[in-house]
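Numbering (this note's numbering), first residue to last: 177 to 339.
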């Protein structure tokens, strides 16, 4: 299938490239507005966002370069490829959405355990109880790593108040 062309650029791929360039520009601009303390010598809170913004700009330029002429070509998909598993997609999407909605109410540990169980279910884990146990142990270890070692507090809930 041929891409419509305008001024020597394939329209669809050029629009994608312009979108990526715009996103990169916004990221670089927004990063410049982050307030920083003079205590940061070289690596501060702006380093990674600037890196991401510059990376997006470079990617946008590369995409624009590739949009010259007929643009990108689509490789044929493998006919033996299985169809998209919408149930798995639903489990992981639902777990993340539910976790986002509940973190303020039930806290980090229960929320992250719920997301872990949803992710395990999306990968067709056989045992709910094993997923809950493994997720809970991993999340408690992560919580202690963040709360005790780094001094970062995450969503406080019932279990966090007991620890």
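The C-beta atom is built at its ideal place from N, Cα and C for all residues, glycine as well. Since we're looking at a predicted model, the values are computed, not measured.
Subject >> Close-in-space but distant-in-sequence residues of the same chain around residue 229 (CB under 7 Å, 5 per side omitted) >> reply: 200, 203, 204, 207
Original post:
So residue 288 is in the alpha helix (DSSP H); what residue range does that whole segment cover?
Top reply: 262–298
**OP:** Please classify residue 186: does DSSP put it in a helix, a strand, or coil?
**Re:** strand
**OP:** Round the Cβ separation of residue 266 and residue 290 to the nearest angstrom and send it over; I've been treating them as touching at under 8 Å.
**Re:** About 15 Å separates the two Cβ atoms, so there is no contact after all.
Subject >> Buried or exposed by the 16-neighbour rule on C-beta atoms within 10 Å, applied to residue 239 >> reply: buried
Subject >> Spatial distance of residue 221 from residue 231 (CA atoms) >> reply: 17 Å
Subject >> Nearest candidate by alpha-carbon position, reference residue 273, set 242, 258, 255, 295 >> reply: 295
**OP:** Output the boundary residues of the alpha helix (DSSP H) element that contains residue 225.
**Re:** 223–242
Subject >> Integer Cβ distance of residue 322 from residue 330, believed to fall under 8 Å >> reply: 6 Å
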